[in-house]
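Residue numbers (numbering that gives the first Met the number 0), protein chains in the order written: chain Z, 0 to 326; chain G, 0 to 265. Heads up, the beta-carbon is just placed ideally off N, CA and C, and yes, glycines get one too. This report concerns only the one structure given below.
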Amino acid sequence: MTYAIEAEGLVKIYPARRGSSEVRALDGVDLVVPEGTVLGLLGPNGAGKTTTVRILATLLRPDGGSARVAGFDVVKQAQDVRRAIGLSGQYAAVDENLTGWENLYMFGRLYEMPKARAKARAEELLEQFNLTDAGGRTVKTYSGGMRRRLDLAGALTGQPHLLFLDEPTTGLDPRSRLGMWEVIRDLVRQGTTLLLTTQYLEEADELADTIAVVDTGKIIAKGTADELKAQVGGERIEVVVKDRALLDQARQVLGGQAGSEVEVDEHTRRLIASSSGGAQQLVEVVQAMGEAGIAIDDVALRRPTLDDVFLTLTGHHTADENVEESA
Amino acid sequence: MSALQTGPLSDSMVIMWRNLKRIPRIPELAIFAILQSIMFVLLFAYVFGGAIPLPDGGDYKEFLMPGIFAQTIAFASATTAVGMADDMGKGLIDRFRSLPMARSAVLSGRTVADTIYQAGILVVLMLAGLVVGWRVNNGLAAFLLAVVLLLAFAHVMSWLGIWIGLSVPNTEAAQQLTFVTIFPLTFISNVFVPPAALPAILQPIAEWNPVSTLTAATRELFGNPNPYVGDGFPSQYPILVTIGWMIVLLAIFAPLAIRKYRDASK
Numbered sequence: 000m001t002y003a004i005e006a007e008g009l010v011k012i013y014p015a016r017r018g019s020s021e022v023r024a025l026d027g028v029d030l031v032v033p034e035g036t037v038l039g040l041l042g043p044n045g046a047g048k049t050t051t052v053r054i055l056a057t058l059l060r061p062d063g064g065s066a067r068v069a070g071f072d073v074v075k076q077a078q079d080v081r082r083a084i085g086l087s088g089q090y091a092a093v094d095e096n097l098t099g100w101e102n103l104y105m106f107g108r109l110y111e112m113p114k115a116r117a118k119a120r121a122e123e124l125l126e127q128f129n130l131t132d133a134g135g136r137t138v139k140t141y142s143g144g145m146r147r148r149l150d151l152a153g154a155l156t157g158q159p160h161l162l163f164l165d166e167p168t169t170g171l172d173p174r175s176r177l178g179m180w181e182v183i184r185d186l187v188r189q190g191t192t193l194l195l196t197t198q199y200l201e202e203a204d205e206l207a208d209t210i211a212v213v214d215t216g217k218i219i220a221k222g223t224a225d226e227l228k229a230q231v232g233g234e235r236i237e238v239v240v241k242d243r244a245l246l247d248q249a250r251q252v253l254g255g256q257a258g259s260e261v262e263v264d265e266h267t268r269r270l271i272a273s274s275s276g277g278a279q280q281l282v283e284v285v286q287a288m289g290e291a292g293i294a295i296d297d298v299a300l301r302r303p304t305l306d307d308v309f310l311t312l313t314g315h316h317t318a319d320e321n322v323e324e325s326a
Numbered sequence: 000m001s002a003l004q005t006g007p008l009s010d011s012m013v014i015m016w017r018n019l020k021r022i023p024r025i026p027e028l029a030i031f032a033i034l035q036s037i038m039f040v041l042l043f044a045y046v047f048g049g050a051i052p053l054p055d056g057g058d059y060k061e062f063l064m065p066g067i068f069a070q071t072i073a074f075a076s077a078t079t080a081v082g083m084a085d086d087m088g089k090g091l092i093d094r095f096r097s098l099p100m101a102r103s104a105v106l107s108g109r110t111v112a113d114t115i116y117q118a119g120i121l122v123v124l125m126l127a128g129l130v131v132g133w134r135v136n137n138g139l140a141a142f143l144l145a146v147v148l149l150l151a152f153a154h155v156m157s158w159l160g161i162w163i164g165l166s167v168p169n170t171e172a173a174q175q176l177t178f179v180t181i182f183p184l185t186f187i188s189n190v191f192v193p194p195a196a197l198p199a200i201l202q203p204i205a206e207w208n209p210v211s212t213l214t215a216a217t218r219e220l221f222g223n224p225n226p227y228v229g230d231g232f233p234s235q236y237p238i239l240v241t242i243g244w245m246i247v248l249l250a251i252f253a254p255l256a257i258r259k260y261r262d263a264s265k
């Protein structure tokens with residue numbers, strides 16, 4: 000199997016600054032991404048996702064380890080790597096004082112295309128991303144979703160086989176997010192290899208073949224979305240009881256129904272149990288609570304979130320992270 | 000594929016094209032740059048100028064205008080610094096650095112575009128100068144040499160601006176930092192008053208200051224009043240010293256700017 004990305008033991012250290020000590024942003028990251036597949040890097044802010052992408056896209060030099068992208072060494076053959084990749088970052092990196100067309104034409108020229116080819120490519124991309132009508136307007140007038148699409152179009156100018164998308168939907172409204180997913184799926188269907196970072200388990204689930212969970216500069220778990228979810232125990236049922244005095248009784252009822260360990264939060268009167276029985280089991284839990292005379296304030300069937308994955312894998316919530324993403 | 004259609008020179012031209020395209024799209028930048036300089040012209044020509052006698056007589060407005068040109072040109076660094084900090088903050092520098100383009104092009108395209116922009120501003124200021132009574136008295140060749148000196152100086156200041164723009168966290172800091180660096184230079188100088196009128200302790204600074212030597216050089220070339228501090232070398236050979244300054248400043252700030260760019264990361 001050929002690998003689009005092979006990284007071994009990547010280390011990145013940001014030197015100590017005023018008020019903060021040295022940060023080991025990456026602490027030995029190993030990655031392989033086979034050609035034509037999608038890898039999702041999943042993790043909270045500051046985990047090291049962006050740093051990983053920046054090293055693989057030749058924007059940062061690693062302090063340790065090595066990486067080959069499209070067969071080229073990211074340090075020694077950086078210019079060859081750049082010819083092979085497209086990068087679209089967290090911020091729409093387009094010139095807002097140029098028109099959409101001008102941005103794409105500029106990127107085409109900088110991807111070593113002659114003028115005529117760059118012009119044709121700009122038109123193609125505007126059409127592909129549904130921006131033809133807006134192509135003559137300055138980007139200032141674009142909506143957030145349009146800017147992201149233009150940014151992605153810019154990353155595709157050189158027709159790369161390998162694409163890096165750093166949190167492609169962060170900050171987008173739900174509709175634009177779905178639109179973006181559709182565009183990304185299209186690219187993958189056409190055979191583009193993709194490395195995607197995201198804070199959303201749902202997004203990784205939707206788009207990635209393999210997910211690598213990143214925390215404090217290390218990859219702490221790797222697998223398909225289903226494998227990760229299995230690790231955190233699939234869906235869970237949450238019940239909030241009305242009367243704190245009945246918490247213990249409720250715990251027994253819920254535990255009996257779900258057949259799993261029940262997590263109890265006295266303060267919020269909340270009970271959480273892993274569940275494999277779906278909505279039907281939820282109904283049964285509600286009935287059993289009613290029969291036992293336990294009044295319920297709230298009840299829900301919840302899919303595992305990134306926070307659950309983290310809690311299970313690391314024992315702490317994602318929000319515990321206070322290391323800043325010093326990209 | 001034509002050889003000129005791709006490569007470092009072409010990349011540089013593309014970046015220059017991009018920077019020039021932006022100018023009319025953000026007209027307020029050019030307008031405020033010009034208005035600031037014209038405000039200084041009006042303030043000194045009509046408010047303070049009457050109280051500033053020139054040692055050998057001569058017309059204060061003719062004395063003032065080359066100083067205003069030099070001051071404006073010195074502030075070229077602010078334009079570049081703010082532009083670079085903006086590109087950095089918006090992630091455009093990251094994008095450029097991820098492209099297979101010549102690394103030098105982002106900087107050379109920017110500095111050349113900013114120099115062309117300063118040339119435009121200079122034309123407007125010269126017309127304004129003619130309106131208030133500034134005159135060119137030494138013929139075309141000397142005039143053109145003065146313009147070349149001013150624009151070459153603008154180009155050098157642009158490299159300083161790149162270094163500043165890439166060293167600060169945002170556009171506001173870029174603006175402030177260039178302001179506090181350049182403003183004292185333009186005041187402890189011969190721009191607004193004859194250097195002899197400055198406190199003795201400041202006179203050597205005013206004499207060697209590159210803004211002063213540029214001002215003195217252009218006054219000489221335009222044939223405008225040019226009161227000297229004394230027999231110091233910069234007063235005797237302002238053109239030579241200005242060229243020397245440009246070489247020194249370029250030799251310091253261009254490598255610093257290039258190194259900053261190479262390691263730049265948002």
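In the DSSP assignment, LEU41 of chain Z forms a beta bridge with Z:THR197 and Z:VAL212. Burial of SER87 of chain Z is indicated by the presence of at least 16 other C-beta atoms within 10 angstroms of its C-beta. Judged by DSSP in its simplified three-state form, ARG269 of chain Z adopts strand. By the criterion of a C-beta distance shorter than 6 Å, THR1 of chain Z is surrounded in its chain by GLU34, once the five residues flanking it on both sides are discounted. Proximity of chain G to ARG81 of chain Z at the Cβ level (cut-off 9 Å) is accounted for by ARG96, SER97, LEU98, PRO99 and MET100, in chain order. Per DSSP, GLY8 of chain Z is one residue of the beta strand (DSSP E) stretching across 2 to 13.
Within the stretch 143 to 210 of chain Z, complete beta strand (DSSP E) segments of at least 3 residues are found at 161 to 165 and 192 to 197, given in chain order.
At a Cβ-Cβ threshold of 9 Å, LEU149 of chain Z and PHE128 of chain Z count as neighbours.
Beta-bridge partners assigned by DSSP to ALA66 of chain Z: Z:ALA6. Among the CB atoms of chain Z, none fall inside 9 Å of the CB of VAL81 of chain G. Membership of LYS118 of chain Z in the alpha helix (DSSP H) is indicated by the continuous run 114 to 127. At a cut-off of 9 Å between C-beta atoms, GLU101 of chain Z counts as an interface residue with respect to chain G. Around the beta carbon of MET38 of chain G, fewer than 16 other beta carbons sit within 10 angstroms, so the residue counts as exposed. If you check the CB distance, ALA6 of chain Z and VAL28 of chain Z come in under 9 Å.
Residues of the stretch 215 to 242 of chain G with a Cβ closer than 7 Å to any Cβ of chain Z: none. Looking at the DSSP output, VAL22 of chain Z sits in a beta bridge with Z:TYR13. Near chain G, meaning a CB-to-CB distance below 8 Å, the residues of the stretch 111 to 131 of chain Z are GLU111, MET112, PRO113 and LYS114. For LYS20 of chain G, the enclosing alpha helix (DSSP H) starts and ends at 7 to 24.
Under DSSP, ARG235 of chain Z takes part in a beta bridge, and its partners are Z:SER273 and Z:ARG301. In terms of Cβ geometry, VAL308 of chain Z and LEU200 of chain Z form a close pair [threshold 9 Å]. For SER107 of chain G, the enclosing alpha helix (DSSP H) begins and ends at 102 to 131. If you draw a straight line from the Cα of VAL147 of chain G to the Cα of GLY143 of chain Z, it is about 44 Å long. Here ASP93 of chain G is not near ARG176 of chain Z, since their CB atoms are 9 Å or more apart. Only those residues of the stretch 3 to 21 of chain G whose C-beta falls short of 9 Å from the nearest C-beta of chain Z are listed: GLN4, THR5, GLY6, SER9, ASP10, MET12, VAL13, ILE14, TRP16, ARG17, LYS20 and ARG21. ALA220 of chain Z has Z:VAL212 as its beta-bridge partners, per DSSP. Judged by beta-carbon spacing, LEU41 of chain Z lies within the 9 Å limit of GLN198 of chain Z, meaning their Cβ atoms are closer than that value. For ALA211 of chain Z, same chain residues with a beta-carbon under 6 Å away, outside a window of 5 residues either side, are LEU40, ILE218 and LYS221 in chain order. Under the three-state reduction of DSSP, THR36 of chain Z is assigned to coil, being neither helix nor strand. In the DSSP assignment, LEU86 of chain Z falls within the beta strand (DSSP E) that extends over 84 to 87. Along the stretch 132 to 180 of chain G, the alpha helix (DSSP H) occurs as fully enclosed runs of 4 or more residues at 138 to 166, listed in sequence order. Here GLY255 of chain Z is exposed: its Cβ has fewer than 16 other Cβ atoms, across all protein chains shown, within 10 Å. Going by C-alpha positions, GLU205 of chain Z is about 13 Å away from THR36 of chain Z.
The continuous alpha helix (DSSP H) containing GLU206 of chain G extends over residues 202 to 207. For PHE71 of chain Z, the three-state secondary structure derived from DSSP is strand. Out of G:ILE163, G:ALA172, G:ILE238 and G:VAL105, the CA that lies nearest to the CA of ILE251 of chain G is found in G:ILE163. For ASP85 of chain G, the enclosing alpha helix (DSSP H) stretches over residues 75 to 88.
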